[in-house]
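If you're matching them up, the sequences are chains A and B in order. Sequential numbering from 278 applies to the first sequence in the numbering used here. Sequential numbering from 278 applies to the second sequence in the numbering used here.
Protein chains: 2
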Amino acid sequence: MRILLTGAAGFLGSHLCDRLLYEGHVVVGLDNFVTGNRENLVHLVRNKDFTFIRQDVSETISVRGKLDAVLHFASPASPNPDSPFGYPNLPVETLKAGSLGTFNTLDLARINHSRFLFASTSEVYGDPLEHPQTEAYWGHVNSVGPRSMYDEAKRFSEALIMAYFRSKTSDTRIVRIFNTYGPRMRLDDGRVVPSFIQQALRSEPLTIYGDGLQTRSFCYVDDLVDGIYRLLLTDEHLPVNIGNPVETTILDFAETINRITGNTAGLEFHSDKRLGNDPERRCPDISRARDLLGWEPKVNLEEGLVRTITSFREKMGII
Amino acid sequence: MRILLTGAAGFLGSHLCDRLLYEGHVVVGLDNFVTGNRENLVHLVRNKDFTFIRQDVSETISVRGKLDAVLHFASPASPNPDSPFGYPNLPVETLKAGSLGTFNTLDLARINHSRFLFASTSEVYGDPLEHPQTEAYWGHVNSVGPRSMYDEAKRFSEALIMAYFRSKTSDTRIVRIFNTYGPRMRLDDGRVVPSFIQQALRSEPLTIYGDGLQTRSFCYVDDLVDGIYRLLLTDEHLPVNIGNPVETTILDFAETINRITGNTAGLEFHSDKRLGNDPERRCPDISRARDLLGWEPKVNLEEGLVRTITSFREKMGII
């Protein structure tokens, strides 16, 4: 297939590029580098099956040649209000990527009679009142809250995609992505994985906001990309959760990183400065992914962290 | 003030035009007539303080001259899947009005340094799990359900407006409008009030879907417009519910209409064909409107229905 991937220079986008190329597809990567990173694509510069176009997905997209699939992954994705790359500091860009960007990519898929796949998020469940979250759960989201620029943009996109699908205009797929980690995360986007690993590699105590008992389910990026690729090949049009259902407390997670890195500086507890409406628990029910895609995660946390820490060492120049 | 009002030819829009003109403002009405009705504005044709432009709010808006306020009311608004004017049959138009339309009108307000007011809806609460609904309730909405084109467009708009407000780009207001009725509702949009009144005036039994015990809180349009006008004059930026908190079952409502019209054909119960995810109960908590605006509804259901039925008689040519 010849595949357009928006957000190609992002953490997930660049790993997805690699997988699509590995599977023998031709990939057109698109990014505007607002939060994406050129370095993530450097290794593909000489790949004849890869081309890159620098464009903003929220403006008119022009791509030459026939496309067989359009994958819309472009959006700021870090909730951290202290990072310049966090969506709280890019609210209008985030809302545009999840509305104008979705219109533009859907129309491109329509014109090309191509497959369409959208990167939605567990954030559509908001601060969930049900655990674990199945795709049938409607979510608990504050439409005017501090995270609403991201959550509502993604929810809007889902509604728009279903409207295109139901009117038989497009052949669409929606993946709801849960917390993911791995090489190529931005060191500076303020999310918990790069923050912890950086602190550990600098032999600093890891900063825990609140009591650290809030849980997350961390999926290694290769597993995630495998689930997305399987979904692309199916004809499943309703949302599918992809994520790791193993819940870990932030506390356990920090201690594991300290152990792997040999960091003896321990933990440091700070009063809770996280962005408001931060969910206390979030964990995917992946029954649909298991049934429909025959998918489940294979990389355990220890193994995934070792790979991630190795790549962060290189990135930070620590040998 | 010189005020731009999108959706001016709609049911609410046209009543709001009248009130704004009555208060001495100059009004530029905008509509594309997708669901709006020319007849609703016929009485304003010779009014020197009123001008009309036929434009789609989802495309570039060009309005000459300085604006002091921009009111964005344009959107399909009937949930009825059997009506050509129902949003289930206009999904992309609805999603555009609540995204591109909101970007366009917000930008117009920004350029003009004008006030902005958005017509949001009780549908942001979805099928609510709390009663009555305060503005602090986050709602219970299915992002991929049959109503999502409307609900998610309105929720997206709220998030976008708060992003503009918080970045100090615009001086915004959000009204969450609950069920409203009155003269100039479309006879053919399939909503319960015009449907019941038409059946009653034709001496037919009123069609009740389900058991009729689902409740609604119906606000007479003059009351609603009064609340909106008061909100426009304040500096309140978080959403404010405007609606009538008196709950009525569909059954009581139908019987009242039969009594007022002298219709002896009674009621006819049909199995539930309403659009999926139709809320069983919805009722506003109007404490904020009372406190902030000194507003509460004044027209009781009997009085409002008499006025509405009188106008429907004229519209249907029944004297």
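Think of the CB as a built atom: it goes at the ideal place given N, C-alpha and C, for glycine as much as any other residue. Here the structure is a predicted model, which is why all the values come from computation and not from measurement.
Cα-Cα separation, residue 492 of chain B to residue 523 of chain B
10 Å
Have a look at the DSSP bridge pairing and note the partners of residue 303 of chain B.
B:279
Segment limits, alpha helix (DSSP H) that includes residue 483 of chain A:
Not the alpha helix (DSSP H): residue 483 of chain A falls in the beta strand (DSSP E), residues 483 to 486.
Taking Cβ positions, are residue 353 of chain B and residue 312 of chain B nearer each other than 8 Å?
The answer is yes: Cβ separation under 8 Å.
From residue 443 of chain B to residue 469 of chain B, what does the alpha carbon distance come to, in whole angstroms?
38 Å
Cβ separation of residue 483 of chain A and residue 534 of chain A, assumed to be a contact under 8 Å, to the nearest whole Å:
7 Å
Completely contained beta strand (DSSP E) runs for the region 330 to 373 of chain B, where each covers 3 or more residues:
346 to 349
Which runs of the alpha helix (DSSP H), 4 residues or longer, sit entirely within the region 385 to 450 of chain B?
425 to 443
Can you tell me where the alpha helix (DSSP H) holding residue 498 of chain B begins and where it ends?
498 to 510
Residue 455 of chain B and residue 518 of chain B look like a contact to me (Cβ under 8 Å); what is the Cβ gap, rounded to whole Å?
7 Å
Measuring CA to CA, which of B:291, B:537, B:343, B:372 is closest to residue 429 of chain A?
Put simply, of B:291, B:537, B:343, B:372 the residue whose alpha carbon is nearest the alpha carbon of residue 429 of chain A is B:372.
Please name the residue, chosen from A:402, A:425, A:320, A:348, that lies closest to residue 558 of chain A on a Cα-to-Cα basis.
A:402
Can you pull out the residues from the region 403 to 415 of chain B whose beta carbon lies closer than 8 Å to at least one beta carbon of chain A?
403, 415
Mapping the DSSP letters down to three states, classify residue 541 of chain B as helix, strand or coil.
coil
When burial is assigned at 16 or more other CB atoms within 10 Å of the CB, is residue 361 of chain A buried or exposed?
exposed
Close-in-space but distant-in-sequence residues of the same chain around residue 315 of chain A (CB under 7 Å, 5 per side omitted):
286
Chain A contact residues for residue 429 of chain B, given Cβ-Cβ distances below 7 Å:
432, 433, 436
Do we get a CB-CB distance below 8 Å when we pair residue 440 of chain B with the residues of chain A?
yes
Do the CB positions of residue 606 of chain B and residue 317 of chain B come within less than 8 Å of each other?
Residue coverage of chain B in this structure runs from 278 to 596, which leaves residue 606 of chain B outside it and unanswerable.
Assuming residue 517 of chain B is part of the beta strand (DSSP E), what are its boundary residues?
517 to 519
Residue-chain proximity (residue 507 of chain B, chain E), Cβ-Cβ < 8 Å
Checking the listed chains, one finds no chain E in this structure; the protein chains it contains are A and B.
Taking 8 Å as the CB-CB cut-off, is residue 561 of chain A touching chain B?
no
Under 9 Å Cβ-Cβ, which residues of chain A neighbour residue 516 of chain B?
420, 421
Going by the CB atoms, is the gap between residue 404 of chain A and residue 390 of chain A shorter than 8 Å?
no
For residue 311 of chain A, which residues in chain B fall below 9 Å Cβ to Cβ?
Those within 9 Å of residue 311 of chain A in chain B number zero; the least Cβ separation is about 15 Å.
Going by the DSSP bridge assignment, what does residue 453 of chain A pair with across the sheet?
A:397, A:518
Counting contacts by CB-CB distance shorter than 8 Å, is residue 593 of chain B in contact with chain A?
Chain A, which has no Cβ nearer than 8 Å to the Cβ of residue 593 of chain B, makes this no.
Establish whether the CB of residue 352 of chain B and some CB of chain A are separated by less than 8 Å.
no
Residue from B:324, B:363, B:383, B:332 whose Cα sits closest to the Cα of residue 345 of chain B
B:383
Taking all protein chains shown into account, decide if residue 411 of chain B is buried (16 or more other Cβ within 10 angstroms of its Cβ) or exposed.
exposed
Check whether the Cβ atoms of residue 281 of chain A and residue 322 of chain A sit closer than 8 Å, and answer yes or no.
no
Beta-carbon proximity list for residue 324 of chain B, same chain, < 7 Å, skipping 5 on both sides:
The residues are 298.
Kindly identify the DSSP beta-bridge partner or partners of residue 308 of chain B.
B:331
Close Cβ partners of residue 375 of chain B (< 7 Å) along its chain, the five nearest in sequence each way excluded
352, 430, 431, 433, 434
Use the C-beta contact count for residue 595 of chain B: other C-beta atoms within 10 angstroms, 16 or more gives buried, fewer gives exposed.
Exposed, by the Cβ-count rule.
On the criterion of 16 or more Cβ atoms from any shown chain inside 10 Å, does residue 370 of chain A qualify as buried, or is it exposed?
buried
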